[in-house]
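If you read the sequences in order, they're chains A and B. Once you know that position 188 of the first sequence is 187 in numbering that gives the first Met the number 0, the rest is easy, because the numbers rise by one and skip nothing. Once you know that position 181 of the second sequence is 180 in numbering that gives the first Met the number 0, the rest is easy, because the numbers rise by one and skip nothing. C-beta atoms are modelled at their ideal positions from N, C-alpha and C, and glycine is treated no differently. All values reported here derive from a predicted model rather than from experimental measurement.
2 protein chains.
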Amino acid sequence: MGQFLDGKNLADERAAILKTQVSKLKSQGIVPLFCVINIGDDPSSKLYIKTKKRRADEIGIVQKVYQLPKTQSQQSLLTLIDRLNQDKKVYGIMIQLPVPPQINLNEALEHIDPEKDVDCLTPSNVGRLWRGDHYVEPATAHGVLALLDHYQIKLHGKKVVIIGRSSIVGKPLAALMLERDATVSILHSKTKQLAEYTKNADILVSAVGHANLITPEMVKENAVVIDVGINRVNNQTVGDVNTVLIKPKVSFITPVPGGIGPLTVESLMEQVVKLTRRKNGR
Amino acid sequence: MGQFLDGKNLADERAAILKTQVSKLKSQGIVPLFCVINIGDDPSSKLYIKTKKRRADEIGIVQKVYQLPKTQSQQSLLTLIDRLNQDKKVYGIMIQLPVPPQINLNEALEHIDPEKDVDCLTPSNVGRLWRGDHYVEPATAHGVLALLDHYQIKLHGKKVVIIGRSSIVGKPLAALMLERDATVSILHSKTKQLAEYTKNADILVSAVGHANLITPEMVKENAVVIDVGINRVNNQTVGDVNTVLIKPKVSFITPVPGGIGPLTVESLMEQVVKLTRRKNGR
């Protein structure tokens, strides 16, 4: 019977450590503050922002939300980013995804000062990540590695399969796992036979957003399964993996909720603190 | 019986087109010029520089070599890069690899103006590549795609295996092939069973530098084999692939020499011209 990888508990543990670090910074007059730019009124975005706010409050980090209308122009978005780039009290800037179609996201991201790029989405920070020089780490990928490390699951020489090639999860996770000497396969919507890959994976990561995508016959006996998917089915939050059926077959599996989700939020806070410390030479 | 993918011929064809473009630029008073910084006296480096020089001359591009001593200090390297960054006549700057141990290569690369980064090794250009926004393309990866395109070998939905995770070949090639909707596996020295992956690959790329690494039983019937390796064995240049034994089994294979090598050099010249045109608004 597989064991759950308890992301919620690890996130709480790490948050407690972070809280102590933040107290110390505050006692020196340094307040970790980051800004979330939210454009439009996507209900999931609002929920994520609320979840982040709760964790930030707990740790002592200030999250400032810039709520912009759905009709927001590109130009005034860039002007806002410029202003936040200049603001010495701001240590992190992130754009909540998704953005409305009139927004050129790449241009907006490229506008963020890499020193305040808490999501690791500016070109130079992405490039640094790929060459093993981590200025910041994307929250989800950081969370996945923290969880594997906590349970002493090694990546060296392992066969890793990542489903999903997004800039926020699949690609950066591939970079970090490759750096840890895993052999990495990146699958996506155009991959014809997912199972051909997944059934050989020592570590399987699904980051698609498709409930029940991963069924038991797709998973190797004693594999480690990391479920990054978040889907709403019958008013319940579920991942990409059919956990009930797969848990008996594997060695470790993340629950949804309570797996990677809380670690992503907590990891984001770690990046805010990292950027704050660096900016203040701490 | 497999067909050779004739990189030499394609490189010559593309060079002829490039030559016309360069003539036109020159008639407008614009001279494509790039600088190669070579530190120490690695014989292979000197050979590569000579090969590049020959192609540059043919096309009408100026290659300027800065030959620095093996004992070159980091500081004076950075000063040289600064000077070339400032020089309006210089459109491309590259550091010939390898560099001696006292040189901090990452720092030096980060020093190059991304607008002159002809090798696509500065962090921001690497990051742009990974998000599908190609400011420049690394020469070898560009050459591989040009060759596949020329022979109308599609990447969409294909199973690609890349052996080698270097910053100059394996990683950028993975980015470009993923963008073309291939499913990409990245293998390396810590991969335990190369054959487990290679024998299922529709397209197999070896970029290791190890003669006879790829034997017939590792390759799928009718696969496409791209050999990026360059090895000297008994005074002959050979790739990573045992071509004689493998050619009968596959549909296409690159020869070594005459495959990816000439395309890499020609692709570099394309990048020089691309940067020159962009800088001049052409």
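- Between the region 238–251 of chain A and the region 81–92 of chain A there are fewer than three inter-stretch CB-CB distances shorter than 8 Å, so the stretches are not counted as touching.
- A Cβ-Cβ separation of about 6 Å places Leu17/B in contact with Val272/B under the 8 Å criterion.
- Across the set Asn241/B, Ile252/B and Ile213/B, the C-alpha of Ile252/B shows the shortest separation from the C-alpha of Asn221/B.
- Here the C-alpha atom of Leu267/A lies approximately 11 Å from the C-alpha atom of Ala10/A.
- In this structure, Arg164/B sits near Lys170/B, with a CB-CB distance shorter than 8 Å.
- When the Cα atoms are used, Ile58/A and Trp129/B turn out to be separated by approximately 33 Å.
- Here Leu46/B is exposed, its C-beta having fewer than 16 other C-beta atoms within 10 Å.
- As computed with DSSP, Gln85/A is found in no beta bridge at all.
- Rounded to the nearest angstrom, the gap between the Cα atoms of Gly91/A and Thr70/A is 24 Å.
- Between the alpha carbons of Asp132/B and Ile94/A lies a distance of about 19 Å.
- Using a Cβ-Cβ cut-off of 8 Å, Asp180/B counts as an interface residue toward chain A, since at least one Cβ of chain A sits closer than that to its own.
- For Arg13/A, the three-state secondary structure derived from DSSP is helix.
- Distance between Ile111/B and Asp180/A, taken at the CA atoms: about 29 Å.
- For Ser75/A, the secondary structure class from DSSP, reduced to helix, strand or coil, is helix.
- DSSP, reduced to helix, strand and coil, places Ile162/A within a strand of the structure shown.
- For Val183/B, the residues of chain A that pass the 8 Å Cβ criterion are Ser184 and Ile185, in the order they occur in the chain.
- By a beta-carbon distance limit of 8 Å, Leu193/A contacts Leu186/A. Their separation comes to about 6 Å.
- The beta-carbon separation of Gly228/A and Gly208/A, rounded to 5 Å, stays under the 8 Å limit for a contact.
- The alpha carbon of Met0/B has as its nearest neighbour, out of Val61/B, Val223/B, Ser44/B and Arg276/B, the alpha carbon of Val223/B.
- Close CB contacts of Asn124/A within its chain, under the 7 Å cut and outside five residues either way in sequence, are with Pro113, Asp116, Tyr134 and Val135 (chain order).
- Residue environment: Arg127/A is assigned as buried (16 or more neighbouring CB atoms within 10 Å of its CB, all protein chains considered).
- In the three-state DSSP reduction, Thr236/B falls in the strand class (E or B).
- For His155/B, the nearest beta carbon of chain A is closer than 8 Å to its own beta carbon.
- Per DSSP, reduced to three states, the secondary structure at Thr50/B is helical.
- Along the region 123–147 of chain A, going in chain order, the ones with a CB nearer than 9 Å to a CB of chain B are Ser123, Asn124, Val125, Gly126, Arg127, Leu128, Trp129, Arg130, Gly131, Asp132 and Tyr134.
- For Lys278/A, same chain residues with a beta-carbon under 8 Å away, outside a window of 5 residues either side, are Tyr90 and Glu114 in chain order.
- Using a CB distance cut-off of 8 Å, Thr121/A counts as an interface residue toward chain B.
- In summary, Lys219/B is buried, with 16 or more beta-carbon neighbours lying within 10 Å of its beta-carbon over all protein chains present.
- By the neighbour-count definition (other C-beta atoms within 10 Å, threshold 16), Gly6/A is a buried residue.
- Contact note: Ser166/B reaches chain A through Arg130, using a C-beta cutoff of 7 Å and chain order.
- For the pair Arg276/A and Leu108/A, the Cα-to-Cα distance works out to about 22 Å.
- Thr78/B and Leu32/B have their C-alpha atoms roughly 19 Å apart.
- Restricting attention to Ala145/B, Ala210/B and Leu203/B, the CA atom closest to the CA of Asn233/B is found in Ala210/B.
- Taking the C-beta atoms as reference points, Thr139/A is found nearer than 8 Å to Val168/A.
- Listed along chain B, no residue sits closer than 9 Å to Thr197/A by beta-carbon distance, the nearest being about 12 Å off.
- For Asn105/B, the C-beta contacts it makes with chain A under 8 Å involve Arg130 and Asp132, in order along the chain.
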